Ligand SMILES: Nc1ncnc2c1ncn2[C@@H]1O[C@H](COP(=O)(O)OP(=O)(O)OP(=O)(O)O)[C@@H](O)[C@H]1O
Ligand SMILES: [Mg+2]
C-alpha cells in the first residue's frame, strides 16, 4: 500500500511538471530546457523558507512561486529575442548555470549536501506526516493544478498561446504582440513548476541539486513529447508513462549495477520510436516542424 | 483620402526594389495594383503594414504618419492585410482562426481575468456569433471545426479574407486574393469586395488577373521599375 502511495505522489509531482512544460512547448511552441531549473529553484526556496525562516508551507510555496516569477526574466528575454533552436540552446545554458549555482553557492544551498529536515506541511494543527494523509494532500494540490490548466485551455488567452505557436507574423498582423503571450506562458509555467518543487521538498524532507539537473529537464520534455504536445491528457499520460515504466521494469529483475543505464536506454529507444511512428505522441495535436 | 504614400523607396542591400512610390487612396474605393513578378508589390504591402521599414519616404493613414509604427500598431489603427501565401493558424480550427483575428478581445489580457471575467465570456459569445456570420460570407460555414491547415489553398485564402473582416480593418490590403480560386469563388469574392466597398471599406489589392480585378476597381496602379503609374476611371 505504502509503495503505491509513494508512486502516486511521484506521479503527481511529474504531472504538475509536465502540465507546466506543455504550456510552453505544446501551447506556445517554446521548447525550454530549463524546466528543471524552475522546479529546483521552487524546491529550494520553499525548503529554505520552511527551514530557515520557519514559515508555513503555504507561505513558503507562495514565496517560491513569486521568486520563480521574478527569476523567469532570462527565459522571457530569450523568448522575445531568439527563435526555436536558439531559444532551446539559450535555455539549456541557463539550466546549466542554475545547476551550477545550486551546487556551488554553499552558503545558501549547502552545495552538494543539500537541505535536510524539511518539515511536512500542515493545516490548522493537523500535519500531513503519514503517507496516506500526504498523498491526499498532494492529490488535492495536483487536482487544483489540473483544473487550472483545464480552465485555462478554454480561455481566449490559451487560443493566443496557440496562435503564437502556429504563426507569429500572423498574430502581429492582427495586432497581437507575440512576446506578451510568450511572457505569460513562461510566467505561468515557472510559477506552476514551483508548486511541484515545493511538493517534492516537503515529501522527501531532503533536497539536493542532483534532482534538478539537465537530465531532469529532458525527462520532463520527453513526458510531454511522448504524451503529445498541446494536449492536457497527453501530459498526464506522459508523466504516468515515464514514472510507471521503471516500476514495471523493476519486475523484470535487471541487475542493480546496470539498472540505471538500462532504464535510460529504454527511455531513449521509446522516445525515438514515438518520434518516428507517432510524431503526435499519445494524444498530441501538434508537432514541431 | 484614407492612405497617402509619399516617395517611398526600398532597397535590399543594394538591390533597389521600390524607387519612388507615391499614390493616394480615397475612402470607400477599390484599387488594383498590377506589376510584373518581382516588381515589388508584396514588398510595398510589407512596408504599409509595418512588417518592413521603408528605406525612405512617408506613409499617412487618415492623416497620421505610420511609416515607423510597428505592425501591431498599424493593425490597431485599422489596416489589415492578407499574405500572398495565406498565413492561417494551421493547427487551429477555422472558428478559432476567426476569433484570433478579432480585435481588442478582453480575454487576451491576463489582468482582465482577475478584474472582469464575466465580460470576457460575454465578449467571447458575441464574437463567436460574428465569426459564424462571417464564415457564411466567405463560404466556410461548414468547415468551422476543421483545422485550417487541412483546408485547400483556396479555402485558406477565403479564411484569411474572413479574418480581415472580423478584424474590422478599414483599409484591406489583399495580396492576390483571386489566385488559385475557381471562377465561382472569384465571383463570390468580387461580390463580397463590392459589398465591403458599399459599407465604406477601402481596398487595395494586388492581382495578376487584370480583367477580373479591373471589373471591380475604381482605380488601377501599375508598378514598374520601382515607380507607380496611375489609371483612373477604368470601371
Ligand atoms: N527580404 C528580402 N531581401 C532581399 N530581397 C528581397 C526581400 N524581399 C523581397 N526581395 C526582392 O524584392 C523583389 C520584389 O519582391 P516582391 O515579393 O515584392 O515582388 P512581387 O511584386 O510581389 O512579385 P510577385 O508578383 O511574384 O508576387 C524581388 O526581386 C525579391 O527578390
Ligand atoms: Mg507578391
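Residue numbers (the numbering used here), protein chains in the order written: chain A, 1 to 289; chain B, 1001 to 1235. All C-beta atoms in this analysis are idealised placements derived from N, C-alpha and C, irrespective of residue type, glycine included. Keep in mind it's a predicted model, so treat the numbers as computed, not measured.
Within chain A, the residues that residue 1089 of chain B reaches when beta carbons sit closer than 8 Å | When 8 Å is used as the limit between beta carbons, residue 1089 of chain B is near these residues of chain A: 162, 163, 166, 167, 170, in chain order.
Quick one: residues in its chain with C-beta nearer than 8 Å to the C-beta of residue 1145 of chain B, no 5 flanking neighbours on either side, listed in chain order?
-> The residues are 1093, 1094, 1095.
Use the C-beta contact count for residue 1127 of chain B: other C-beta atoms within 10 angstroms, 16 or more gives buried, fewer gives exposed.
-> Counting the other Cβ atoms within 10 Å of the Cβ of residue 1127 of chain B gives 16 or more, which makes it buried.
Residue from B/1088, B/1206, B/1022 whose Cα sits closest to the Cα of residue 1160 of chain B = Across the set B/1088, B/1206, B/1022, the C-alpha of B/1088 shows the shortest separation from the C-alpha of residue 1160 of chain B.
Which of helix, strand or coil DSSP assigns to residue 85 of chain A | In this structure, residue 85 of chain A counts as helix in the three-state DSSP scheme.
With which residues is residue 1064 of chain B paired in a DSSP beta bridge?
-> Answer is B/1061, bridged to residue 1064 of chain B.
In or out: residue 123 of chain A buried (at least 16 other Cβ within 10 Å) or exposed?
-> So residue 123 of chain A counts as exposed.
For residue 285 of chain A, go through chain B and note every residue whose CB falls closer than 7 Å to its CB, in chain order.
-> Neighbours of residue 285 of chain A in chain B, taken as residues whose beta carbon is under 7 Å from its own, are 1091 in chain order.
What is the rounded straight-line gap between the Cα of residue 1069 of chain B and the Cα of residue 203 of chain A?
-> Roughly 53 Å separates the two Cα atoms.
Note down the Cα distance separating residue 1235 of chain B from residue 1071 of chain B, rounded to an integer number of angstroms.
-> For residue 1235 of chain B, the predicted structure reports a pLDDT of 43, less than 50, and the residue's modelled location is therefore unreliable. A value from the coordinates is still provided. Taking the CA atoms as reference points, residue 1235 of chain B sits about 32 Å from residue 1071 of chain B.
Secondary structure of residue 1147 of chain B, DSSP reduced to three states = Three-state result, residue 1147 of chain B: strand.
Within the 8 Å Cβ cut-off, does residue 250 of chain A reach chain B?
-> Chain B, which has no Cβ nearer than 8 Å to the Cβ of residue 250 of chain A, makes this no.
Since residue 1132 of chain B meets chain A, which of its residues come closer than 7 Å, beta carbon to beta carbon?
-> Those do not exist, as residue 1132 of chain B stays about 16 Å from chain A at its closest Cβ, beyond 7 Å.
Cα-Cα, which of B/1158, B/1169, B/1164 is closest to residue 1187 of chain B?
-> Considering only B/1158, B/1169, B/1164, the residue with the shortest C-alpha distance to residue 1187 of chain B is B/1158.
Nearest to residue 72 of chain A (by Cα), restricted to the options A/5, A/168, A/25, A/194 | Closest in C-alpha terms to residue 72 of chain A, from the list A/5, A/168, A/25, A/194, comes A/194.
Residues of chain A with a CB under 7 Å from the CB of residue 1124 of chain B: which are they?
-> Going along chain A in sequence order, the residues near residue 1124 of chain B (Cβ under 7 Å) are 156.
Chain-order list of residues whose beta-carbon lies under 6 Å from that of residue 1056 of chain B (same chain, five-residue window excluded) = These residues qualify, in order along the chain: 1009.
Within the 8 Å Cβ cut-off, does residue 1103 of chain B reach chain A?
-> Chain A, which has a Cβ nearer than 8 Å to the Cβ of residue 1103 of chain B, makes this yes.
Cβ contact check for the stretch 131 to 140 of chain A and the stretch 228 to 236 of chain A: 3 or more pairs under 8 Å | The stretch 131 to 140 of chain A and the stretch 228 to 236 of chain A do not touch, with fewer than 3 CB-CB distances between them shorter than 8 Å.
Measure from the C-beta of residue 1099 of chain B to each C-beta in chain A and report whether the shortest distance is under 8 Å.
-> Yes, residue 1099 of chain B counts as interfacial toward chain A.
Alpha carbon to alpha carbon, what distance is there between residue 57 of chain A and residue 273 of chain A?
-> If you take the alpha carbons of residue 273 of chain A and residue 57 of chain A, they lie about 41 Å apart.
Residue environment, residue 86 of chain A, which counts as buried when at least 16 other CB atoms sit within 10 Å | Around the beta carbon of residue 86 of chain A, fewer than 16 other beta carbons lie within 10 angstroms, which makes this residue exposed.
Interface positions of the stretch 1038 to 1051 of chain B facing chain A (Cβ-Cβ less than 9 Å), listed along the chain | Taking 9 Å as the cut-off between beta carbons, the residues of the stretch 1038 to 1051 of chain B near chain A are 1049, 1050, 1051, in sequence order.
Determine the extent of the alpha helix (DSSP H) in which residue 1100 of chain B is found, giving its start and end residues.
-> Unbroken alpha helix (DSSP H) run through residue 1100 of chain B: 1094 to 1101.
Neighbour flag for residue 1081 of chain B against chain A, beta carbons, 8 Å | Residue 1081 of chain B counts as touching chain A.
Could one say the Cβ of residue 1128 of chain B lies closer than 8 Å to chain A's Cβ atoms, at least one of them?
-> It does not: the Cβ of residue 1128 of chain B has no partner Cβ on chain A nearer than 8 Å.
Relative to ligand 4, is the shortest distance from any of its heavy atoms to the C-beta of residue 1206 of chain B smaller than 7 Å?
-> Absent from the structure shown: ligand 4. Ligands present: ligand 1 and ligand 2.
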